[in-house]
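Notes to accompany the following structure.
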Amino acid sequence: MRPQLGISQRLIQLGVLILILGAWYIGTLPGHINPLLLPPPGPVFKDFWQLLTNSSIWPDLWVTVHEWIVAVLIAAVAGCCLGYVISRSAYAVRVFDPLLAGIYSIPAILLYPLYLLFFGLGSGSKIAIGTTIAFFPVVLNTIAGLANVDKAYIRAAQSMGANDFQLFWSVMLPAAFPVVLTGLRLGCIIAFLAILGGETISSLAGLGHRIVSLAENMESAQMFANIVFAVLMAFIINGLVSFAEARGRRGFQ
Amino acid sequence: MTAATITSIPQSRRGPIMSPGWARLLAIFFLLALWEIGARLYADPLFLCPPSQAVGALQHILADPKIRNAIEVTIFEVATAFAMAVSMGLAIGLAVGLHGFTKQSILPVILMLYATPQATILPLFVLIFGIGPAAKIAFGVSHGVFPVIVTTVAGVQNLRPQLLRAAHSMGANRWQVFTSIIFPHMIPSFFTGMRLGMTAVLLGVLLAELYVSTAGIGFYTRLFAESFSPPDLFALISVLAAIAVTLNELCRIAERHFRRWNEG
C-alpha cells in the first residue's frame, strides 16, 4: 500500500512548490493584489536575507526560545511527576485520567488574559501559557504509558525479587518510555505554537511581537520575511524534537 | 508502599471506597474548596476571586444582553467556521486521498502547511478580512481544515481496492461509490477528524478574538481582565469552558456511536 517515494513524486512536489511561488509572483505583479496584503516574493526574500545576515532578530529570537525552554522544562517535570503519581494506582487513573482529558479539551488560550493579569506583559505570561498547554499531553501520555505496562512484566520482575526502584527503572520506564516521549514531543511543539500565539496577542518582545508590530506599521515585506523566519523556526524545532524522540526511543531499547 | 501497589490489584481485594465518577466529583469539589479558601485568605481581589463570587457573577453576566450577544457571536463564528472547515476538509481530503498520485504529491505540502505556526499569520488575516467576524471565521477555518483533511486521507487510505473495483464493475456511478462504499468506510476517522477540527476551530476563533475584536467572548475576556474584575472574567471563562466541553463530548458521542454502527 505504501510505494517508495520515487523521483517522479519528488518532481511533482517540487512542481507544486514552483507553482505556488509562480502564482505568488504573477499575482503580485503591479495591478493585481494590493502589495500591502501580499508583497511580491522579491522584496520578501531580500528582507529575509537581511534578517539572516544582520543580527537584529537575535534578541527577539532569544526571548521566544528562552520562554519556550522554560515552559517545556516546567511542563515536562510537573507532567511526568504528576503522571507517575497518578499511575501508581489503577483507581487513581480511573478517577483522574478522564478529568485531565476533559480539561485538556478546553482551549487553554482562554486563560491568557488572566495570565497577562497575573504575570504581566513580559515573558512570564508566555511561559505560563506555554506550560499550561504543554502540561496536558505530557501528563496524559505519562499516565497512558505507565498504566498500560504489560502486567506480566511487572509480575515477572516482582517474582524475581525486584525492589520498587529496580521495577521502575528496568521495567516500567523502558516499557512506558516511547509513549511518554510522544507526549513530550507534542508538548514541545504546541508550547512553541502557544507562545507565538501569546506573543501575537500582547507582548513586549519576541518573534510574535516583531510580526505584529511590523503588521501594524504596514511593513508587509518585512512582516512576511519574519513570518518565514518563524515558520522556519517551527520546522527546526519540530525536526529537533522528532530527532530527539527517535534517538531516545532507540537509546532505551 | 510496597511495589505491589503499582500493579492493579483485582478490585475485590482492595475494594474501592466509591466509584471513580464520584471520586472525580469529590476531587473537583476539593480543588474548588482549596481555591475558595486560598482566594479568601490570601488573594488580591483585583486579580483573583473565590469561585463562589464567580458563580454569583455568572447570573448577572448571563442576564446582560451585551454578553449574551457576544456568546451568540462566538457560537455563530465557531459554527460557521466548523461547517466550512469540515466541508472543505472533506472535499480536499477526498480529492487528495483517493488517488495515489495526488496523495504523494500534494499531501506533503498540506502536512507542511499543517505544521506551520498559524498564530504568526494572524495579523495577515486581520489585514485581509478586517476586524469583524470574517477574520475570526477565516482563522478558525485555517485551523480546523487541516485535521479534517489529514484524518479524511487516513480514512480513505485503507479502503480495499476490491470493493471499489466490484462497485465499478457493477456499474456504480461516482456518487453511489461515495455514498455506499467510501463514506461508510471512513466514518470512524471522519468523526475523529470532526472532533480534532472542532477543537482547532475553537482555538482559532478564540485566538483571533483575543488578538483584535469588537465583539465575542474573546473581546469580553480581554475587557474583564483589563478592567480588573476577576469574578466576571472567571464566570465568562467557565461559560466558554462549558461550551468547549459540550462540543467535545458531542463529537465524542457521535464518534463512538458511528464506530459501533460501522462495525455492526
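The listed protein sequences derive, respectively, from chains A and B.
The first sequence begins at 11 in this note's numbering and counts up one residue at a time.
The second sequence begins at 18 in this note's numbering and counts up one residue at a time.
All C-beta atoms, glycine included, are put in the ideal place defined by N, C-alpha and C.
| request: Grab me the residues of Ile-247 of chain A's own chain with a C-beta within less than 8 angstroms of its C-beta, minus the 5 sequence neighbours each way, in chain order. | output: Counting only Cβ-Cβ distances below 8 angstroms, and skipping sequence neighbours, we find Trp-78, Cys-198, Ile-199, Phe-202.
| task | Using a Cβ-Cβ cut-off of less than 8 angstroms, give me the residues of the segment 122-150 of chain A that come near chain B, in sequence order. | result | For the segment 122-150 of chain A, the set of residues with a beta-carbon nearer than 8 angstroms to any beta-carbon of chain B comprises Tyr-122, Pro-123, Leu-124, Leu-126, Leu-127, Phe-128, in chain order.
| Can you give, in chain order, each stretch of the alpha helix (DSSP H) that sits fully within the segment 161-243 of chain B and has at least 4 residues? | 178-186, 191-194, 200-228, 234-243
| query | Which runs of the alpha helix (DSSP H) fall wholly inside the segment 133-197 of chain A and span at least 4 residues, in chain order? | reply | Entirely contained in the segment 133-197 of chain A, the alpha helix (DSSP H) runs reaching 4 residues are, in chain order, 133-157, 161-169.
| said: Run through chain A and tell me which residues come within less than 7 angstroms of Ser-122 of chain B, C-beta to C-beta. | reply: Gln-19, Ile-22, Gln-23, Val-26
| request: Would you kindly work out how many angstroms separate the C-alpha atoms of Ala-60 of chain B and Ala-185 of chain A, rounded to a whole number? | output: 43 angstroms
| field | Inter-residue spacing [alpha-carbon to alpha-carbon] between Ile-143 of chain A and Leu-51 of chain B | value | Taking the straight line from one Cα to the other gives about 23 angstroms.
| task | Pick out whichever of B:Gly-106, B:Ala-87, B:Phe-64 has its Cα sitting closest to the Cα of Arg-212 of chain B. | result | Residue B:Gly-106 is the option with its Cα nearest to Arg-212 of chain B.
| said: Quick check on DSSP: helix, strand or coil for Cys-91 of chain A? | reply: In the three-state reduction of the DSSP assignment, Cys-91 of chain A falls in the helix class, which pools H, G and I.
| message | So, with DSSP's three-state summary, where would you put Thr-119 of chain B? | response | helix
| query | Any Cβ of chain A within less than 7 angstroms of the Cβ of Leu-224 of chain B? | reply | yes
| request: Count the other CB atoms, across all protein chains shown, that sit within 10 Å of the CB of Met-129 of chain B; report buried if there are 16 or more and exposed otherwise. | output: exposed
| query | Pick from A:Gly-155, A:Ile-36, A:Ala-231, A:Ala-240: whose alpha carbon is nearest that of Val-54 of chain A? | reply | With distances taken between Cα atoms, Val-54 of chain A lies closest to A:Ala-231.
| request: Pull up the distance between the alpha-carbon of Phe-251 of chain B and that of Leu-240 of chain B, whole angstroms please. | output: 12 angstroms
| Relative to the C-alpha of Thr-216 of chain B, which residue among B:Leu-49, B:Cys-268, B:Ser-186 is closest? | B:Cys-268
| said: Could you tell me the alpha carbon to alpha carbon distance between Leu-194 of chain A and Val-73 of chain A, rounded to whole angstroms? | reply: 22 angstroms
| field | Among A:Val-222, A:Leu-124, A:Ile-119, A:Thr-141, the one whose alpha carbon lies nearest that of Ala-88 of chain A | value | A:Thr-141
| Near-chain A residues of the segment 245-265 of chain B (beta-carbon distance less than 7 angstroms), N- to C-terminal order | Sequence-ordered contacts of the segment 245-265 of chain B with chain A read Leu-250, Ile-254, Leu-257, Ala-258, Ala-261, Val-262, Asn-265 [C-beta pairs closer than 7 angstroms].
| Endpoints, the alpha helix (DSSP H) within which Phe-47 of chain B is located | 37-58
| query | Can you check whether the CB of Ile-211 of chain A is closer than 7 angstroms to the CB of Ile-237 of chain A? | reply | no
| task | For Ala-132 of chain B, go through chain A and note every residue whose CB falls closer than 9 angstroms to its CB, in chain order. | result | Ile-199, Val-241, Ala-244, Phe-245, Asn-248
| said: My assumption, with CB atoms under 8 angstroms, is that Ala-102 of chain B sits in contact with Val-165 of chain B. Please give the rounded CB distance. | reply: 6 angstroms
| Within chain A, the residues that Ala-136 of chain B reaches when beta carbons sit closer than 7 angstroms | Leu-203, Leu-206, Gly-207, Thr-210, Gly-218
| task | Could you list which residues in chain A have their beta carbon closer than 7 angstroms to that of Ala-40 of chain B, in chain order? | result | Val-105
| field | C-alpha gap between Leu-120 of chain A and Val-194 of chain B, whole angstroms | value | Pairing Leu-120 of chain A with Val-194 of chain B, the inter-Cα distance amounts to about 43 angstroms.
| field | Proximity of Ile-148 of chain B and Leu-47 of chain A at Cβ, strictly below 7 angstroms | value | no
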